[in-house]
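Visitor: There's a structure below that I have some questions on.
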DNA sequence: GGGAAAATGTGAGCAGTGCTCTTGCATGTG
DNA sequence: CACATGCAAGAGCACTGCTCACATTTTCCC
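Residue numbers (my numbering), protein chains in the order written: chain W, -11 to 258; chain S, -11 to 258.
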């Protein structure tokens, strides 16, 4: 902070994680760098993977806020301070877990979506929604991590989470565009949308790289956002049990899934 | 733990909050007990109110997870252990804050709703939605407290939060019933709902006390839940900025509000 | 009024947390 | 082989929730 602070001159970052070249690849498989990286780098990678693994276990059992670096270190048989050689801070660990969760969700949803025939628009939407729900119910803490209230005093660095976070939205956009191609987008009146207001809402969001290739107009996007919001709201409400005790969660989700579907796909004519 | 431990024999619960008769009235005004309660009770009420006030301030600035009993005590000029005379635990304080927030939301929304003419169904829905949104945006931490991810290792005692938590839902039910009376509930096909599935989803939820007086069927209730889920999802997504940077949040909310409205109110015929 | 009982204030203390820093050892690399 | 580097270890700081023993005050009842 103080530019005249002399004490920090010779210790730029005393003993902080050196971020060696054995970098933490985001997720999509180990990077095929055939570089025979030495024992040291190899060990570092292994330890970092272990930390992430144990942290995920703790996350699954105790939740995000109860995540303790000391506990992770203990489980790994290292001294509490030792873990700071590998993880800069608790927030850093959280960030990595968040990115991990985003990827996990995106790949799960994508797999379910891609298993459906391309022409079956409703089927694709339902697969997407159901995959989202079951993923969230299976690992509620991961879901809470990315779609729950943000951890206080911690803001996920957007530049690191953005790619993973928009992956599932990108999938949604392609589906939406296919619906448009099939001429089955519901008329704006269906949701009572006003075109001018929709244009104002999304602004030049349509210029985002996610939409290159898609020819959606503002109203269609607004419909898509409504459908997604309803879907996510349904899952959120079930995972966090915001509605109190519900007789049959699966059936209720079916209803909400149908409702969200009707926001973006109008019934086939035949 | 040790049943033979003699030291704990004479101190069953040494110095725990005695929950004296100067009880913590939920919210709706101070109970008009003209009892001239002595200095002690008066002081206790004042201190409890102070604690809640300061806790709300901390909540607003630092969030729920950062809420610290010690810090609250410090701000009140009392010794850290002293606060346990008034609050049983951190969880207890959280519970009180949650109930408080529920009531705050419910009264705010109700006021906005009641300011609209009874026949103006769309206006009532919009007022309800807009009040929810502005309340949430003004006090995001309170919103997160009740509609965000649950605080870990803490489960709100349902029997204490239920009344406050369902207050706004009850308001929604009365509106829904008025829509039914006006014959303006959208047909189930509008949302692609299947009646049998809806009945399965809500089960005998319609027997709940909330619905006494209302003559809603399962499908209508499912429509209402869809609308509410969309509305809550819209607010959640904006407060937690789940969609990334949005050009015009208010306009987008307008669109989603319209969409949710179309789930429960079909356009007037005239 | 006086004394017992209940309610309250005080400070020490325990176990846990995130995080920093210094020290010394082992190891990989030039 | 020698040196610089990575790493483990442990002490330490400031903070947390919470408990307990003890002193003080207020209230209630006889």
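From the three backbone atoms N, C-alpha and C, an ideal C-beta is built for every residue, glycine too. Since the structure is predicted, the reported quantities are computational estimates derived from the model, not experimental observations.
Excluding the five sequence neighbours on either side, which residues of its own chain have a C-beta within less than 6 Å of the C-beta of residue 51 of chain S, listed in chain order?
Guide: The count along the second chain starts at 1 and reaches residue 51 of chain S at position 63. Only 129 meet the Cβ criterion.
Visitor: Identify the continuous alpha helix (DSSP H) that holds residue 215 of chain S and give its terminal residues.
Guide: As a first step, residue 215 of chain S is located in the second chain; it is residue number 227 there, counting from the start. Segment 206 to 227, the alpha helix (DSSP H) holding residue 215 of chain S.
Visitor: Is the distance from the Cβ of residue 40 of chain S to the Cβ of residue 88 of chain S below 8 Å?
Guide: Here the question's residue 40 of chain S lines up with position 52 in the second chain. Here the question's residue 88 of chain S lines up with position 100 in the second chain. Yes; because the gap between Cβ atoms is below 8 Å, this pair is in contact.
Visitor: Exposed or buried, what is residue 102 of chain S when buried is set at 16 or more other beta-carbons lying within 10 Å of its beta-carbon?
Guide: Here residue 102 of chain S refers to the residue found at position 114 of the second chain. By the 10 Å Cβ count, residue 102 of chain S comes out exposed.
Visitor: So if I threshold CB-CB distances at 7 Å, which residues from the region 235 to 253 of chain S count as touching chain W?
Guide: Residues 235, 236, 239, 240, 242, 243, 244, 246, 247, 249, 250, 251.
Visitor: Would you report the Cα separation of residue 337 of chain S and residue 234 of chain S, rounded to the nearest angstrom?
Guide: In this structure chain S extends from -11 to 258, so residue 337 of chain S is not present and cannot be described.
Visitor: Among S:67, S:72, S:208, whose alpha-carbon lies nearest the alpha-carbon of residue 169 of chain S?
Guide: Locating residue 169 of chain S in the second chain gives position 181, counting from the first residue. Cα-wise, what sits closest to residue 169 of chain S is S:208.
Visitor: Would you say residue 111 of chain W reaches chain S, if we count a Cβ-Cβ gap shorter than 8 Å as a contact?
Guide: Against the first chain, residue 111 of chain W aligns to sequence position 123. No, no contact with chain S.
Visitor: On the DSSP letters alone, give me the boundaries of the alpha helix (DSSP H) that residue 112 of chain S sits inside.
Guide: Position 124 of the second chain, counted from the first residue, corresponds to residue 112 of chain S. From DSSP, the alpha helix (DSSP H) with residue 112 of chain S extends over 109 to 126.
Visitor: Which one of W:238, W:211, W:212, W:43 has the shortest CA to CA distance from residue 223 of chain W?
Guide: Along the first chain, one-based indexing puts residue 223 of chain W at 235. Checking every option, the nearest Cα to that of residue 223 of chain W belongs to W:238.
Visitor: For residue 153 of chain S, count neighbouring C-beta atoms within 10 Å of its own C-beta (all shown protein chains included) and say buried if the count is 16 or more, exposed if not.
Guide: For this step, residue 153 of chain S is matched to residue 165 along the second chain. It counts as buried.
Visitor: Please tell me whether residue 119 of chain S and residue 105 of chain S are closer than 8 Å, where the distance is taken between their beta carbons.
Guide: Working through the second chain from its first residue, we reach residue 119 of chain S at position 131. Working through the second chain from its first residue, we reach residue 105 of chain S at position 117. No; because the gap between Cβ atoms is not below 8 Å, this pair is not in contact.
Visitor: Quick check on DSSP: helix, strand or coil for residue 67 of chain W?
Guide: Counting from 1 along the first chain, the entry for residue 67 of chain W is found at position 79. In this structure, residue 67 of chain W counts as coil in the three-state DSSP scheme.
Visitor: I'd like the list of long-range same chain contacts for residue 287 of chain W, defined as Cβ closer than 8 Å, with 5 residues on each side in sequence excluded.
Guide: Outside the modelled stretch of chain W, which goes from -11 to 258, sits residue 287 of chain W, for which no answer is possible.
Visitor: Could you give the distance in angstroms between the alpha-carbon of residue 197 of chain S and the alpha-carbon of residue 185 of chain S?
Guide: Residue numbering aside, residue 197 of chain S sits at position 209 when the second chain is read from its first letter. Residue numbering aside, residue 185 of chain S sits at position 197 when the second chain is read from its first letter. One C-alpha to the other measures close to 23 Å.
Visitor: Can you name the residues of chain W whose CB is closer than 7 Å to the CB of residue 138 of chain S?
Guide: Here residue 138 of chain S refers to the residue found at position 150 of the second chain. Correct list: 228.
Visitor: Alpha carbon to alpha carbon, how far is residue 42 of chain S from residue 167 of chain S?
Guide: In the second chain, the residue the question calls residue 42 of chain S occupies position 54. In the second chain, the residue the question calls residue 167 of chain S occupies position 179. Straight-line Cα distance between these residues: approximately 42 Å.
Visitor: Is it buried or exposed, residue 177 of chain W, if we count other Cβ atoms within 10 angstroms and call 16 or more buried?
Guide: By one-based count along the first chain, residue 177 of chain W stands at place 189. The Cβ neighbour count for residue 177 of chain W, taken over all protein chains shown within 10 Å, is under 16; the residue is labelled exposed.
Visitor: Can you check which of these residues, S:244, S:227, S:248, S:157, is closest to residue 95 of chain S by C-alpha distance?
Guide: In the second chain, the residue the question calls residue 95 of chain S occupies position 107. That would be S:157, whose Cα lies nearest to the Cα of residue 95 of chain S.
Visitor: Roughly how many whole angstroms lie between the Cα atoms of residue 161 of chain S and residue 211 of chain S?
Guide: As a position in the second chain, residue 161 of chain S is number 173, starting the count at 1. As a position in the second chain, residue 211 of chain S is number 223, starting the count at 1. Spanning the two alpha carbons is a distance of roughly 11 Å.
Visitor: Contact criterion: CB-CB distance below 8 Å. Does residue 35 of chain W meet it with respect to chain S?
Guide: On the first chain, residue 35 of chain W is found 47 positions in, with the first residue counted as 1. Closer than 8 Å: no.
Visitor: What residues in the region 183 to 204 of chain W bring their beta carbon closer than 8 Å to a beta carbon of chain S?
Guide: 185, 186, 188, 189, 190, 191, 192, 193
Visitor: Report the rounded CA-to-CA distance for residue 110 of chain S versus residue 35 of chain S, giving the unit in angstroms.
Guide: As a working mapping, residue 110 of chain S is identified with position 122 in the second chain. As a working mapping, residue 35 of chain S is identified with position 47 in the second chain. Spanning the alpha carbons of residue 110 of chain S and residue 35 of chain S requires a straight line of approximately 44 Å.
Visitor: When the Cα atoms are used, what is the spatial distance from residue 133 of chain S to residue 171 of chain W?
Guide: The count along the second chain starts at 1 and reaches residue 133 of chain S at position 145. The count along the first chain starts at 1 and reaches residue 171 of chain W at position 183. When rounded, the distance between both Cα atoms is 43 Å.
Visitor: Apart from the five residues just before and just after residue 248 of chain W, which ones in its own chain have a Cβ nearer than 6 Å to its Cβ?
Guide: On the first chain, position 260 is the one that residue 248 of chain W refers to. Its chain contains 215, 218, 219 as the residues whose beta carbon lies nearer than 6 Å to that of residue 248 of chain W, once the 5 sequence neighbours on both sides are disregarded; these appear in chain order.
Visitor: Taking residue 124 of chain W and residue 227 of chain W to be in contact with their CB atoms under 8 Å, please state how far apart those CB atoms are, rounded to whole angstroms.
Guide: Here the question's residue 124 of chain W lines up with position 136 in the first chain. Here the question's residue 227 of chain W lines up with position 239 in the first chain. Sure, about 5 Å apart at Cβ, within 8 Å.
Visitor: Among S:138, S:241, S:68, which has the Cα closest to the Cα of residue 225 of chain W?
Guide: Here residue 225 of chain W is taken as the residue at index 237 of the first chain, counted from 1. Here the closest residue by C-alpha is S:138.
Visitor: For residue 90 of chain W, go through chain S and note every residue whose CB falls closer than 9 Å to its CB, in chain order.
Guide: Here residue 90 of chain W refers to the residue found at position 102 of the first chain. Ordered by position in chain S, no residue passes the 9 Å Cβ test against residue 90 of chain W, which lies about 12 Å from the chain.
Visitor: Answer with yes or no whether the minimum CB distance from residue 257 of chain S to chain W is below 8 Å.
Guide: For the purposes of this step, residue 257 of chain S is taken as residue 269 along the second chain, with counting starting at 1. Chain W contact via Cβ: absent.
Visitor: Within a Cβ cutoff of 7 Å, which residues of the same chain sit near residue 60 of chain W, ignoring the five residues on either side of it in sequence?
Guide: Taking the first chain and counting its residues from 1, the one referred to as residue 60 of chain W is at position 72. Contacts found: 39, 42, 43, 46, 71.
Visitor: Any Cβ of chain S within less than 8 Å of the Cβ of residue 180 of chain W?
Guide: The residue you call residue 180 of chain W lines up with position 192 of the first chain. Yes - at least one Cβ of chain S is within 8 Å of the one on residue 180 of chain W.
Visitor: Give me the Cα-Cα distance between residue 55 of chain S and residue 75 of chain S, rounded to the nearest whole angstrom.
Guide: On the second chain, residue 55 of chain S is found 67 positions in, with the first residue counted as 1. On the second chain, residue 75 of chain S is found 87 positions in, with the first residue counted as 1. Straight-line Cα distance between these residues: approximately 13 Å.
Visitor: Of the choices S:242, S:26, S:174, S:82, whose alpha-carbon is the least far from that of residue 256 of chain S?
Guide: Residue numbering aside, residue 256 of chain S sits at position 268 when the second chain is read from its first letter. Of S:242, S:26, S:174, S:82, the residue nearest in Cα terms is S:174.
Visitor: What are the boundary residues of the alpha helix (DSSP H) that includes residue 79 of chain S?
Guide: Within the second chain, residue 79 of chain S is the residue found at index 91, counting from 1. Looking at the DSSP string, the run of the alpha helix (DSSP H) that includes residue 79 of chain S is 78 to 102.
Visitor: When you compare the CB of residue 64 of chain S with every CB in chain W, is at least one pair closer than 8 Å?
Guide: For this step, residue 64 of chain S is matched to residue 76 along the second chain. No, residue 64 of chain S does not count as interfacial toward chain W.
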